[in-house]
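See below for the structure under consideration.
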Amino acid sequence: MLCFLTAATVGAQPPTILEYSVPTAEASVHSITLGPDGNLWFTETIGNKIGRITPDGNITEYSLPTPRTSPGMIIQGPDGNLWFNRNENGNGAVGKITTVGEITEYRLPSPTAVMALAAGADGNVWFTGTSKIGKITPTGMVTEYPVSPSCCPSPAGITAGSDGNLWFTETIGNRVGRISTTGNVTEFPAFQFDAGNIIQGPDQNLWFGSIGRITPDGTIRQYRVDGVAGMAQGPDRNIWFTLGANRIGRITINGTVTSYPLPTANSGPVGIAIGPDGNIWFTEQQSNKIATLILPAPAGQLAQIASGGGWDTSLTLLNLGTTAAEASLDFYADPGGAPLTLPITFPDSSSEPITTSRVTKTLNPDALVVFDTTSDNANIDMGWSLLQTGGNVSGFATFRYPPLNWAALVPLENRSAPSYALVFDNTDGISTGAAIANLTSESITVFVTVRNDVGAGIGTDTIQLSPRGHTAFMLDQRYPFTAAKRGSIQFDTSLAAQISVLGLRFIGTALTTIPSLALAIPALFNAAPNSGSITHTTYDGGFTSSFYVFNTSPLSAPFTLSFFDESGNPISVPLSLPQSGTSLSASVLTRTLPARAVLLVQTISNNDSPPKVGSAQLTSTGGVTAFEIFRWTTFGQEASVALATADSSVFVLPADNTNGVATGVALANTTASSITVTLKLRDSAGTSLESATVNLPQRGHVSFMLPDRYPALAGKRGTAEFAISGPGNISVVGLLLKPDGTLTTVPTLPK
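Numbers 4 to 754, taken from the working numbering, label the letters of the sequence shown in order.
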C-alpha cells in the first residue's frame, strides 16, 4: 500500500536545537550512535577519525591508523565496543574502537565495499557489501553470504529485527531482504522510491528508506517523504530522520509526518541517534557540527489502564495552554512493556473507532477530548499509558468495571521521585491493590518495604520490571501478612522518575483511588503551617468521612487536623479512632505520630440527621500528610479526596454532564481572609459559555452540582475554571455522579 505525504512543520512551539562544532575542519561528520559509556560516537569521513561527544558537548577525536580510509557508519557492538566500516579504493574493512580509544581494524577476505553495520542477536556484527551480506565475530572472524535471488543485488542498509533475523535493503531494484543468522536469504517484491537505511520500529515492524514499513511477514506500506538520509527510533515511539532539505523529521507509526528546520543554513544533516538524555542527536556534514534536538519531557503517566473482560478506561486530555497543542498517549502492556494495542472509541465525535497503541490529538486552547477503550473483549488487556506533548496538555483516566458499578480515578503522575508510598487498609472487608509502571527503557528493580500502622517493618520484597513494564496485584495476595491490617507500603528505585504508582481500594460496590505519596518531594518533609486542605468533608445523612493520616518521615512528628463548616467557623465533629478504641468530639485534633505510622480518624455519623458539610485543614511541622475517603453509605460508594497542597491561583475542573452523569464541585477558602473566586465555564471545544463569581468567607466552603447551578453546562462536556486575582488560596475538588450512585473523584488541574 502506498501513501503520499509531505513533511510539514508542526504547529506547536518548535523544539530547542543545540549545535557543537567539530574541532577538525571540514571533517565531513557522517554517522553517529550511542556508546555503552553514555556518550555519542561519530565518524569523520574526510577527517579520517572517530569522534566522541559527551551529552554536555565536549568532543574528543581519535585518528584511524590507516590514512584516507573514509570511515562511514558506526554502531554499538554486542561486545561493548564501537564498530565502524571504512572503504579504501573500493576495498572495505571493519574496525572497532574501545571507549578509551583503542582501535583494531579487520580486512575482509574478498574485495567489497562495506555499506552498513548492525549488531545481530547472535552476538556478531553484520554488514552489507557488494552483492553479499557478511558477519564478523568480536574476535574478527568473517563469514560472507552471497545475495543471489535477485538480478543485481546491491545490499545497503541493515538492522536486527524483532524476529531474530537481519533485515536489509537493496538499492538496485529497491527491495527489502531478510537473512537468518545461518545465512538463509528471503527477498520481498520491489516497491517505489529509494530503499536506503532500515531500522527496527517501535511497532515491531521494519522502517526503511523514504519512508516505508514492512511487517515481519513481508507486507509493505510506504509514506512518501523525499530526501531521507538517516533514521532512528525515538523514545517517544516515533521514527526520527534527517532530511536533505536542512530539516529533522518525525513520522508516527500511523504515518503523520512533522519536520523542523535547522538553525544553520545548508547544514547537511546525515546520521541520527538517540542520546542517553532521550534527545535526538545528529550530524551536520556540511556545517561540520554535531547537533541535538531536545525533546519535551513527558507530561505524565497513567499507571493503570484496562480494556476487555468487562473492564474499560475513559481517558480525558485537556489543553491548559494559550496555543493549540498536540498530545499523544502511548499504551504499554502488562507485564513486558510491549506496545499495547487497544480498541478506542470517540464518544463526542463522528470519528470511527480505531485499534491502536498510540492516540494523537491536537487540542485548541481550553479544549478537551475524551476517548474510551471498550470492555467487550473476552480477555483483559492491561497496562499503562505515557502522555507526551509539546504544549501544556494534561489529563486523567477513569478505570471502570460496570458490572459492579466500579469506577476509580487514575490521576496523571508528573512528579519525579525515587520513592513512593501507599497507605493500605485491609480491614473490615476492605482490600488494597497496587499498580506499578516502569517509565524507562531499561529493566529496573523496585525495592518494597511493608510497614504496619505503628510504622514497624513487617516485610520486604523486590519487583523486577521490564523496560516500559507494568505489574498490578492485591496486597493481601502477594503479601498475605498484610491481611486484616492497616499500614503503608513503600516502593524505592535507584533514581527519580523511574516508576509511577497507583493505589486502589476495593470494598463491596466501591472502587476508590488511594493517593500515592512521593516521598522525595520536599514539601512533605518541611510542611509549613496550613500545609494542606481536604476540600470537602461530610458526615450524617448517609455520609461518612475517613481520614488516613500518615507520617512519611523517619522521625516522630506532630500534626493538627482542624474542621470548619461552610461558613468557615470551627465545627465540633464526632470522631472515632478505631486503632485505640477511643471516641471524642473536637473541632481540632492534635496528635504525634511515630515514624512511618498511620492513624485512621473516622467521623461518627447519624443517618437521621441532615448532612453536615465543610472542609478540613492539616497542619504539621514534620512530614505528615493525609487524605480522605468520602463514603456515601446509601449507595455503598466512595471517593477519595487528596490533601490539596498546590500553590496556584487558577484551577481547571474537567466536567462531564452527558448521558445522565453530573459533575459536582467543592470549593474551599484555605486562608483567614474572605476572597472572591471568578468562575469561567467553557464547552469541550474551549468556547466560553458563562462567567460568574463566588464569594467565600475566611475558611469558607461551598459545594454544588455544576449543571444545576449553571445550566449552560447541562448536557455537555467542558471545563470550569476557578481563579482568584488577589491574595489568598483555594482548593477545589470534583466528583462525578452517575445515575446508579457511582461516585468518582475528578481532579482539578493547576493552570
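Every residue gets a Cβ at the ideal spot worked out from N, C-alpha and C, and that includes glycine.
Please read these numbers as outputs of a predicted model, since none were measured by experiment.
First through last residue of the alpha helix (DSSP H) which encompasses residue i
i, result
"D711", "709-712"
"R481", "478-481"
CA-to-CA distance, residue j to residue i, given in whole angstroms
i, j, result
"T146", "I182", "13 Å"
"E287", "P483", "59 Å"
"S31", "A330", "37 Å"
"A531", "T622", "A caution first: A531 carries a pLDDT of 35, below 50, which makes its placement in the model too unreliable to give a value."
"A309", "T319", "15 Å"
"T435", "L682", "37 Å"
"P68", "I100", "11 Å"
"T255", "G394", "18 Å"
"N249", "A675", "59 Å"
"S583", "A669", "32 Å"
"I293", "I62", "9 Å"
"V655", "A500", "25 Å"
"A715", "A475", "41 Å"
"T184", "F171", "13 Å"
"L345", "S354", "16 Å"
"E29", "I297", "26 Å"
"G744", "P219", "49 Å"
"L592", "Q701", "20 Å"
"L507", "P710", "29 Å"
"I20", "G137", "37 Å"
Within 8 Å, strictly: CB atoms of residue i and residue j
i, j, result
"W129", "L85", "no"
"I223", "T162", "no"
"V396", "N282", "no"
"H473", "I439", "yes"
"S608", "F567", "no"
"Q391", "P299", "yes"
"A560", "G625", "yes"
"A600", "V426", "no"
"L514", "A437", "no"
"G313", "P405", "yes"
"L442", "I510", "no"
"T541", "V576", "no"
"S687", "G721", "yes"
"L371", "P657", "yes"
"T424", "T555", "Checking the sequence, you will find Ala at residue 424 rather than Thr. Yes, these two residues count as a Cβ contact at 8 Å."
Residue i burial status per 10 Å Cβ neighbour count (16 or more: buried)
i, result
"P753", "exposed"
"N382", "exposed"
"V337", "According to the sequence displayed, residue 337 carries Asp and not Val. That one is buried."
"M76", "buried"
"N610", "exposed"
"T748", "buried"
"N529", "In this prediction, N529 has a pLDDT of 34, which is less than 50 and means its spatial position is unreliable; nothing more can be read from the coordinates."
"M144", "exposed"
"T358", "exposed"
"G461", "Position check: residue 461 holds Ile in this sequence, whereas Gly was assumed. It is exposed - the Cβ of I461 has fewer than 16 other Cβ atoms within 10 Å."
"N660", "buried"
"A487", "exposed"
"T562", "In the sequence as displayed, the identity of residue 562 is Phe instead of Thr. It is buried - the Cβ of F562 has at least 16 other Cβ atoms within 10 Å."
Residues sharing a beta bridge with residue i, DSSP
i, result
"Q236", "I242"
"P561", "T595"
"A420", "Paired residue(s): none; A420 is not in a bridge."
"H704", "A671"
"N322", "V396"
"D686", "G721"
"K292", "S24, E287"
"F374", "L318"
Beta strand (DSSP E) segment containing residue i, residue limits
i, result
"F171", "169-173"
"K792", "Residue coverage of the chain in this structure runs from 4 to 754, which leaves residue 792 outside it and unanswerable."
"L366", "361-366"
"R181", "178-182"
"W284", "283-287"
"N441", "434-441"
"I727", "Here I727 belongs to no beta strand (DSSP E), and DSSP marks it neither H nor E."
"T36", "32-37"
"P264", "260-264"
"D611", "Run containing D611: none; DSSP gives neither H nor E here."
"L522", "Note, L522: premise wrong, no beta strand (DSSP E); not H, not E."
"V117", "V117 -> no beta strand (DSSP E), and no H or E assigned at all."
"Q203", "201-203"
Closer than 8 Å to chain B by CB, residue i
i, result
"T585", "This model lacks chain B altogether; it includes just one protein chain."
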